[in-house]
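**Q**
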Amino acid sequence: MPQVSLTVNGKHATVEVEARTLLVELLRGNLGLTGTHVGCDTSQCGACVVHVDGQSVKSCTMLAVQADGASVTTIEGLAAADGTLHPMQAMFREFHALQCGFCTPGMVMSAIDLVRSHPEGLTEAQIRHGLEGNLCRCTGYHNIVKAIAAAWPLMQDRQPAIAAE
Amino acid sequence: MYDFAYTKPASLADAVRALGGADAKALAGGQTLIPVLKQRLNRPSLVVDLGGLGLAGIAVSTEAVTIGAATTHAAVAASARVQQAFPALACLAAGIGDRQVRNRGTLGGSLANNDPAADYPAVALATDATIRTSRRTIAADGFFQGMFTTALEPDEIITAVSFLIPQRAAYMKFRNPASRHAMVGVFVARGPQGVRVAVTGAGQDGVFRHTAFEQALEKSWSPAALDGVATPTAGLNGDIHASAAYRAHLIGVMAKRAVALAG
Ligand SMILES: Cc1cc2nc3c(=O)[nH]c(=O)nc-3n(C[C@H](O)[C@H](O)[C@H](O)COP(=O)(O)OP(=O)(O)OC[C@H]3O[C@@H](n4cnc5c(N)ncnc54)[C@H](O)[C@@H]3O)c2cc1C
Ligand code: FES
Ligand code: FES
Chain L
5 MPQVSLTVNG KHATVEVEAR TLLVELLRGN LGLTGTHVGC DTSQCGACVV
55 HVDGQSVKSC TMLAVQADGA SVTTIEGLAA ADGTLHPMQA MFREFHALQC
105 GFCTPGMVMS AIDLVRSHPE GLTEAQIRHG LEGNLCRCTG YHNIVKAIAA
155 AWPLMQDRQP AIAAE
Chain R
110 MYDFAYTKPA SLADAVRALG GADAKALAGG QTLIPVLKQR LNRPSLVVDL
160 GGLGLAGIAV STEAVTIGAA TTHAAVAASA RVQQAFPALA CLAAGIGDRQ
210 VRNRGTLGGS LANNDPAADY PAVALATDAT IRTSRRTIAA DGFFQGMFTT
260 ALEPDEIITA VSFLIPQRAA YMKFRNPASR HAMVGVFVAR GPQGVRVAVT
310 GAGQDGVFRH TAFEQALEKS WSPAALDGVA TPTAGLNGDI HASAAYRAHL
360 IGVMAKRAVA LAG
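Protein sequences, first through last, are from chains L and R.
With the numbering used here applied, the first sequence corresponds to residues 5 to 169, in that order.
With the numbering used here applied, the second sequence corresponds to residues 110 to 372, in that order.
(1) Have a look at R:S352, R:L326, R:W330 and R:S288 and flag the residue whose alpha-carbon is nearest the alpha-carbon of A311 (chain R).
(2) Is the beta carbon of P341 (chain R) less than 7 Å from the beta carbon of A369 (chain R)?
(3) Could you tell me whether the region 259-270 of chain R touches the region 282-291 of chain R, where touching means 3 or more Cβ pairs closer than 8 Å?
(4) For S75 (chain L) versus S114 (chain L), is the C-beta distance shorter than 7 Å?
(5) Expressed to the nearest angstrom, what Euclidean distance is found between the alpha-carbon atoms of M5 (chain L) and E22 (chain L)?
(6) Give the residues from the region 75-89 of chain L that approach chain B closer than 7 Å (Cβ to any Cβ), ordered along the chain.
(7) Relative to ligand 3, is the shortest distance from any of its heavy atoms to the C-beta of R97 (chain L) smaller than 6 Å?
(8) For a contact meaning CB atoms closer than 8 Å, what does S114 (chain L) contact in chain R?
(9) Between A165 (chain L) and chain R, is there a C-beta pair that is closer than 7 Å?
(10) If we count the other Cβ atoms within 10 Å of its Cβ and call it buried at 16 or more, is V138 (chain L) buried or exposed?
(11) What would DSSP say about T143 (chain L), mapped onto helix, strand or coil?
(12) Out of L:K15, L:T38, L:L158 and L:P123, point me to the one whose CA is closest to I79 (chain L)'s CA.
(13) Report whether the distance from the Cβ of V192 (chain R) to the nearest heavy atom of ligand 3 is below 6 Å.
(14) With DSSP as the reference, please indicate the residues paired to K282 (chain R) in a beta bridge.
(15) Buried or exposed for L326 (chain R), please, with buried defined as at least 16 other CB atoms from any protein chain shown within 10 angstroms of its CB.
(16) List, from N- to C-terminal side, the beta strand (DSSP E) runs of 3 residues or more that fit wholly inside the region 207-253 of chain R.
(17) Can you list, in chain order, the stretches of the alpha helix (DSSP H) that have 4 or more residues and sit fully within the region 44-105 of chain L?
(18) So if DSSP puts T181 (chain R) in a beta bridge, which residue, or which two residues, is it bridged to?
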């Protein structure tokens with residue numbers, strides 16, 4: 005069986021998997037990181053989004069072997085060791101951006117990638133456009149969009165020149 | 110998903126050799142192939158990962174934009190050089206699927222797949238792009254051969270695609286709101302090869318050129334030139350999302366908007 009060596013949330017792991025194993029199966033099954041969810045089998049819902057080498061991807065649409073040598077971050081890797089939430093998680097809580105919570109890990113991972121790739125600022129329209137790969141059946145998205153707009157300034161190193169809308 | 114053997118060759122020659130075996134299948138971004146494998150619609154015995162071949166990259170000259178087959182949609186969309194030299198191409202890439210699909214999906218995979226609702230085939234046909242492979246170059250005019258069918262041999266790998274830069278061009282896509290694929294997408298281009306109009310999402314045989322629109326736009330490059338130019342419904346798709354007649358109408362609307370946008 006193929007061997008996959010990767011870094012997940014800063015920890016190194018080497019796992020033997022069948023070639024057909026999906027990255028999400030490696031994370032949830034082999035590594036027990038069940039925060040990453042599976043909400044569909046058509047690559048459309050985004051519940052499975054994780055970061056691979058800093059980019060958000062659908063871990064249900066990537067083979068585990070394709071992540072060999074990569075650095076993966078999952079929802080479990082966001083909070084600080086003392087439990088302090090990542091600003092995006094904190095704002096999701098603050099703005100009541102979740103109800104059942106099933107879509108939330110993927111939403112948060114997508115949202116962080118979105119904010120990081122827009123240091124110049126993010127409009128509401130850009131946030132909505134940026135969430136096209138994530139479906140939520142509960143919230144109606146409104147509070148998710150607000151939470152991301154609120155997290156944007158908190159995630160900038162310096163005082164932002166352009167504020168999020 | 111059925112299991113398969115997996116290999117990740119480090120050279121194009123090794124990859125071609127591996128694909129020569131029975132039931133071998135190339136894997137690029139996996140945004141089409143993996144969903145297909147999950148549904149057991151395909152059962153390769155060997156999956157050949159093209160990720161080790163170094164086929165990603167973008168080169169821009171005064172005449173052409175050349176993009177490596179493994180370049181992701183996200184990289185094309187975000188490239189300042191593509192945005193400047195051929196903005197309609199960057200814009201098309203930015204509208205494919207969603208952010209996560211764009212972070213993995215590649216130009217080569219999109220063209221090789223030739224999904225009748227895919228976006229890249231429209232720009233390739235509208236600019237008569239040159240598709241470079243492991244064994245030859247193929248003009249887009251001869252590349253797309255019907256739904257999910259191309260001129261590629263089973264062991265042939267797309268390495269790069271060259272798009273001649275048109276003077277004016279734009280792409281307008283009416284999205285299926287659920288899948289985000291094109292219900293109808295129209296790419297209009299006025300360039301070295303004259304006016305070319307390519308339509309995706311609508312044809313039963315995949316992407317096609319709209320010659321009646323091309324002739325009308327040759328005479329006068331303006332949305333009004335398309336008034337009264339009919340799109341026959343024969344050969345157009347009808348499904349739960351849109352009838353053939355509705356698609357025919359959308360083709361006209363999208364083409365006019367594209368010409369207006371191209372300016
Ligand atoms: C939710 C979702 C939404 C999408 N929306 C859109 C959309 O709006 N518009 C759109 O155009 N597409 C859309 N796609 C498809 C997406 O663009 C895919 O990335 C693309 O069709 C295939 O590229 P890939 O690199 O993922 O190829 P793969 O899935 O890895 O491969 C696809 C096929 O091409 C072959 N192949 C791959 N690379 C090469 C090569 N270099 N040479 C020869 N053969 C090769 C493979 O063997 C396979 O048969 C969507 C996909 C998903 C999951
Ligand atoms: S589980 Fe739905 S997109 Fe991955
Ligand atoms: S909170 Fe229930 S699916 Fe989003």
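The beta carbon of each residue, even a glycine, is placed where N, CA and C say it ideally should be.
**A** The structure says:
(1) R:S352
(2) no
(3) No: fewer than three Cβ pairs fall under 8 Å.
(4) no
(5) 6 Å
(6) The question asks about chain B, but that chain is absent: this structure's protein chains are L and R.
(7) False, no ligand heavy atom lies under 6 Å from that Cβ.
(8) R208 and Q209
(9) Residue confidence for A165 (chain L) is low, a pLDDT of 43 falling below 50, so the modelled location carries little weight and cannot support an answer.
(10) For clarity, residue 138 (chain L) is Asn in the given sequence; the question names Val instead. Answer is buried; the Cβ neighbour count reaches 16.
(11) In this structure, T143 (chain L) counts as coil in the three-state DSSP scheme.
(12) L:T38
(13) One detail in the question is off: residue 192 (chain R) reads as Gln in this sequence, not Val. The answer is no for Q192 (chain R).
(14) R:G294
(15) buried
(16) 239-242 and 246-248
(17) 91-98
(18) R:T215
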